[in-house]
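Peer 1: Sending over a structure as structure tokens; questions will come in a sec.
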Amino acid sequence: MTVAAGRRPVAPPAEAYLAALAGLPGMGPRRLGALLEVNSGAAAAWASVVAGTSAADPAVAATLGRDPAGRAARWAVDAQAVEPEELLARHRAAGVTLLTPWHAAWPARLVDDPEPPAMLCTRGDPAALAGPACALVGTRSCSGEGRRTAHDIGRDLADAGVAVVSGLALGIDGAAHRGALAAGPGAGGPVGVVAGGVDVAYPPSHAGLFDEVAAAGALVSEAPLGTPPERWRFPARNRIIAALADVVVVVESHDRGGSMHTVDAAIDRGRTVGAVPGPVRSPASTGTNALLADQALVVRDAEDVLAALGLGGALVPRRGAQPECATPPLLAADATVLDAVGFAPTTTDEVVVTAGIGLGPVLTSLHRLASAGRVDAGPGTWSRRGDTRR
Amino acid sequence: MLACIPTASLFGVDADPVTIEVQVHSGLPCTTVVGGPDATCREAKERVRAAFASCGFEWPNKRVTINLSPAWQKKRGSAIDLAMAVGILLASEQLPAGSISGYAFLGELGLDGAVRPVVGVVPLAEAAGGDPLVVPAAQVVDAGLASSRVVGVGHLGDLVRALKGEAPWPLAHSPKPGHRRAPRPDLADVRGQAVARAALEVAAAGGHHLLLTGPPGGGKTMLAERLPGLLPPLTQAEALEVTKIHSAAGVLPVGAGLLDEPPYEAPHTTASAIALIGGGSSQLRPGAISLAHRGVLFLDELGEQRPVVLECLRQPLEEGVIRIHRAIGSATLPARFLLVAAMNPCPCGEGGGRRCRCQPGERLRYARRLSAPLLDRFDLRLHVPRAEPGQLLGEAAGEATAVVAARVAVARRRSIARGTSINALVPGSRLDELAPLDRAARRLLAGLLARGGLSARGLHRVRRVALTLADLAGADPPLTEEHVGTALGLRAELATLQAAS
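And the structure:
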């Protein structure tokens, strides 16, 4: 599919070498870029790695840390186990496309990228990378409110035909994609950008989500199949999330979270950065609130994102959206208790003291309110559930 | 001549009667102990011999055979020393025949002839029988709990003179009032924390196991320590049972008398499985869970306990006993305790808050360390947040232990009047009869069951707690929506106790 059809090439095509190179341990984008530049082509770069002479050129050696010779020697050993042609065959057998910059489906957003991936290993439909796209990212330890917000924005953006780009991590990332997958037919396909190979589910509990995203949209990685998700690959992956989106929205993030890498990468690439406002005392919103203080785009729902994308009004009212007026009136006791519960987590003891109607009635009311979806239970705390709809 | 002296040997929390048979007969001078002695029993002969020398008695210059009957049973401990000494004195005719008919003896001998306290005097006294039973002077009070006629002696010489009629029996020590135990911590020290206080009260009234999660410094240990004080005092029979266990474990202070307060045991996280559930290779000693019988067992850092220890808890939680099988035999030890467990929500303890240093994956793994069946055994589960500084200083003292204990006692009387022991043990089959639900309560539970928010077992547990809440409120069944709603509120979903992922 990716090679010129018809003739069997004498030597494996360049993407085979690119995949082999990108899968080596410690082969980050800077090192790979230097290797390709110095060696004029992937095949030559691979040959230098196999020969153990990759550190010979000072431009490459400068990227290899304190011990360039040692790193080159280790690569030479690692490369023994890799057969580029066989690697390419494995990708073809798995139906995985190796996109390269000279491929027609190479995303236009990557053309002028300051640090583009050398190739994109794509599971699913590469066309999902073409349309309008919004990255929805955030912390793995999110609040229930953050999870729901990510889900709803993801769903509404997909409904409006926007591709939701995210990292398939626990927390916000997973919720955003689940939302995108919950959208109706004809919705924008989700784009998952993962750190390891597109067949290596990480976290393992998201294996099902990996498959669903690949089936509905595209799952991409700059590493070939079977690459383990080494730690350094995650921040590198975040730059691709930013590069593949028109707008980057952080739903919830601590002030020093991995999402901030994505934000930095987005700023480098001139992407619009948005953030969802959160309670000022919620630790999961410290990063996003700080972004808003720095003039980030305020994102309350999908409409705000669509406006930034120039697609304002693209969102058709959701089928079967819950009518606001259907909320049943509350019992007097429940109303008192609901008033005592804040939007930020409030301990049960505080609710008991504020409501002042006794422990038993308060606990009973809290149970009723939680069943009705008006409050969320946390560890020893309760928080009022907000409505993202305006 | 042959002498037979009754005494007893400890096994588990009980003791078996043992007869010391001593035969002094012609042959080369030599002393042999037979009949399943352990190392301590075999050494007894050396202690007795030295004590004889100190007291001026003569060791028979003949062949002495000492048999611990029944011979098939393993004997252990030093409590047979005194009986062995008396047997040799009788067999070598240094004591007149017939001078000790009906007597039984318990006591360890010092080399100077002093009669020293023994481990497990209460069960030993019960098994040895004897009219009278001679025990170490310091343990007259303890042995008197299990035997009606007890005399105490302090020295082997005194004993022989009294048996010969040469001197009066040493005056029975007037039983000193039992050791004054340290006062228990009071619930009034707990500021605020309305929910946790209520949970303690319910746990005490219904015997419901309690799981506390939360960051360090939230007061989990402080709360657990105050639970025994809320339990009703032990009945005479229960107190004797508890005293026997503590005596057999060797943790009953000498001369302490009856333990009539519910015990509190807080084994350290590093305690071995044996120390916790009991056992050992040479004798089946009761472990911490048996020492907590009829009281409170507090397990801190539940997430750090080894899995084998936690699985060992299942049988006692279910049946109130622990059966231990070892090469030397098997024993059933009582272990009906109220379990209070505390755990941190994650390895660093902060549970995902601003100060948490754990990765989300780490927190999930930590939460999964505990098996669902074990967590399901807790009727009451709650999160104890770290107290705000203002709360610690500002709020008035809460209700005192005595006030709450009085309510607990009333609630317990109501459940006893129904013919059940404690509400936590009401069989599921009798809940419909003893804890009927009114219409609103039924609707509340039906909704929860339909949404899959409650399992059938969970339903039983909620109804038992609701029954206890009704007892505390002095309300007759049927249970109302408020009882059930409060019970649900005191049994937090596990998912909410574990940090958000």
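Those protein sequence lines, which keep their order, are chains H and G. Under the working numbering, the residues of the first sequence are numbered 10 to 399, in order. Under the working numbering, the residues of the second sequence are numbered 535 to 1035, in order. In this text, a Cβ means the ideal position worked out from N, Cα and C, and glycines have one as well.
Taking Cβ positions, are Gly763 of chain G and Arg718 of chain G nearer each other than 8 Å?
Peer 2: Yes. Within cutoff.
Peer 1: Name the chain G residues whose beta carbon is nearer than 9 Å to that of Arg149 of chain H?
Peer 2: Ordered by position in chain G, the residues that pass the 9 Å Cβ test against Arg149 of chain H are Gln893, Pro894, Gly895, Ser1035.
Peer 1: For a contact meaning CB atoms closer than 7 Å, what does Thr357 of chain H contact in chain G?
Peer 2: What Thr357 of chain H touches in chain G: Val729.
Peer 1: Expressed to the nearest angstrom, what Euclidean distance is found between the alpha-carbon atoms of Ile614 of chain G and Leu640 of chain G?
Peer 2: When rounded, the distance between both Cα atoms is 6 Å.
Peer 1: Trp391 of chain H bridges to which residues according to DSSP?
Peer 2: BP columns for Trp391 of chain H point to H:Thr355, H:Ala386.
Peer 1: Give the residues of chain G in contact with Leu375 of chain H, contact being defined as C-beta atoms less than 7 Å apart.
Peer 2: Neighbours of Leu375 of chain H on chain G, chain order: Gly1023.
Peer 1: Under 8 Å, CB to CB, which of the residues in the region 939 to 971 of chain G have a partner in chain H?
Peer 2: Answer in chain order: no residues at all.
Peer 1: May I ask you to report which of helix, strand or coil DSSP gives Leu867 of chain G?
Peer 2: Of the three classes helix, strand and coil, the one that applies to Leu867 of chain G here is strand, per DSSP.
Peer 1: To be precise: take each residue of the region 759 to 776 of chain G, compare its Cβ to all Cβ atoms of chain H, and keep it if any distance is under 9 Å. Which residues remain?
Peer 2: Against chain H - using a Cβ distance shorter than 9 Å - the region 759 to 776 of chain G contributes no residues.
Peer 1: Assess, as a yes-or-no matter, whether the region 158 to 166 of chain H is touched by the region 183 to 194 of chain H under the definition of 3 or more beta carbon pairs within less than 8 Å.
Peer 2: Counting Cβ pairs under 8 Å, three or more are found: they touch.
Peer 1: Looking at the structure shown, is Gln727 of chain G part of a helix, part of a strand, or coil, going by DSSP?
Peer 2: Gln727 of chain G: coil per DSSP, three-state reduction.
Peer 1: Distance check for Gly180 of chain H and Gly42 of chain H, CA to CA, integer angstroms please.
Peer 2: Distance between the alpha carbons of Gly42 of chain H and Gly180 of chain H is about 32 Å.
Peer 1: Measuring from the CB of Ala737 of chain G, is there a heavy atom of the ligand GDP at a distance below 7 Å?
Peer 2: Only the bare structure without any ligand can be found here, which leaves the ligand GDP out of the picture.
Peer 1: At which residue ranges does the region 608 to 681 of chain G contain complete alpha helix (DSSP H) runs of 4 or more residues, listed in the order of the chain?
Peer 2: Within the region 608 to 681 of chain G, the complete alpha helix (DSSP H) runs of at least 4 residues are 615 to 625, 655 to 662, 674 to 678.
Peer 1: With a cut-off of 8 Å, does the C-beta of Val918 of chain G fall near any C-beta of chain H?
Peer 2: Cβ-Cβ to chain H under 8 Å: yes for Val918 of chain G.
Peer 1: My assumption, with CB atoms under 8 Å, is that Leu851 of chain G sits in contact with Ala737 of chain G. Please give the rounded CB distance.
Peer 2: Not quite, the Cβ-Cβ distance comes to about 14 Å (not below 8 Å), so this is no contact.
Peer 1: Hey, is Pro6 of chain H's beta-carbon within less than 8 Å of any beta-carbon in chain G?
Peer 2: Past the boundaries of the shown model lies residue 6 of chain H; chain H is included only from 10 to 399, so the question cannot be answered.
Peer 1: Taking the alpha carbon of His780 of chain G as the point to measure from, which residue in G:Leu867, G:Glu700, G:Arg998 has its own alpha carbon closest?
Peer 2: Taking only the C-alpha atoms, the option nearest His780 of chain G is G:Leu867.
Peer 1: Can you check DSSP and say which residues form a bridge with Ile862 of chain G?
Peer 2: Ile862 of chain G pairs with nothing; no bridge assigned.
Peer 1: Report the rounded CA-to-CA distance for Glu239 of chain H versus Cys880 of chain G, giving the unit in angstroms.
Peer 2: The straight-line gap from Cα to Cα measures roughly 24 Å.
Peer 1: Do Gly287 of chain H and Val257 of chain H count as a contact pair if the criterion is CB distance below 8 Å?
Peer 2: Going by C-beta atoms, Val257 of chain H is not nearer than 8 Å to Gly287 of chain H.
Peer 1: The beta strand (DSSP E) that contains Phe243 of chain H, what's its start and end?
Peer 2: Per DSSP, Phe243 of chain H belongs to no beta strand (DSSP E); it is in the alpha helix (DSSP H), 242 to 252.
Peer 1: From which residue to which residue does the alpha helix (DSSP H) around Asp273 of chain H run?
Peer 2: Looking at the DSSP string, the run of the alpha helix (DSSP H) that includes Asp273 of chain H is 268 to 277.
Peer 1: Cutting at 6 Å between CB atoms, please list the residues of its own chain near Ala216 of chain H, excluding the five before and the five after it.
Peer 2: Excluding sequence neighbours, Ala216 of chain H sits near Ala210.
Peer 1: Of the choices G:Asp548, G:Arg891, G:Arg576, whose alpha-carbon is the least far from that of Leu658 of chain G?
Peer 2: Answer by Cα proximity: G:Asp548.
Peer 1: Rounded to whole angstroms, what's the CA-CA distance from Arg149 of chain H to Met877 of chain G? Just pull it up for me.
Peer 2: Approximately 23 Å between the Cα atoms of the pair.
Peer 1: Since Cys130 of chain H sits in a beta bridge, which residues does DSSP pair it with?
Peer 2: In DSSP, Cys130 of chain H forms a bridge with H:Leu107, H:Ser230.
Peer 1: Is Glu1015 of chain G close to chain H, meaning its C-beta is less than 8 Å from at least one C-beta of that chain?
Peer 2: Chain H, which has a Cβ nearer than 8 Å to the Cβ of Glu1015 of chain G, makes this yes.
Peer 1: Within 8 Å of any Cβ in chain G, is that where the Cβ of Leu145 of chain H sits?
Peer 2: Taking Cβ atoms only, chain G never reaches closer than 8 Å to Leu145 of chain H, which makes this a no.
Peer 1: Just to confirm my understanding: we take Val289 of chain H, look at its own chain, exclude 5 residues before and 5 after, and list those with CB closer than 7 Å. What are they?
Peer 2: Excluding positions up to five away in sequence, the list reads Asn298.
Peer 1: So within the region 793 to 865 of chain G, which uninterrupted beta strand (DSSP E) runs reach at least 3 residues, ignoring any that extend past its ends?
Peer 2: The qualifying runs are 830 to 833, 855 to 860.
Peer 1: Considering only residues of the same chain and omitting the five flanking positions on each side of Glu933 of chain G, which have a CB-CB separation below 8 Å?
Peer 2: So the list reads Leu721, Ala722, Arg731, once near-sequence residues are dropped.
Peer 1: So, does the CB of Pro879 of chain G fall closer than 8 Å to a CB anywhere in chain H?
Peer 2: Pro879 of chain G counts as touching chain H.
Peer 1: Exposed or buried, Ala78 of chain H, counting other C-beta atoms within 10 Å across all chains shown (16 or more means buried)?
Peer 2: With fewer than 16 Cβ atoms within 10 Å of its Cβ, Ala78 of chain H is classed as exposed.
Peer 1: For Met877 of chain G, which three-state DSSP category applies?
Peer 2: In the structure shown, Met877 of chain G sits in a strand (DSSP, three-state: E or B).
Peer 1: Could you give the DSSP three-state label for Asp1010 of chain G: helix, strand or coil?
Peer 2: The answer is coil: DSSP assigns Asp1010 of chain G none of H, G, I, E or B.
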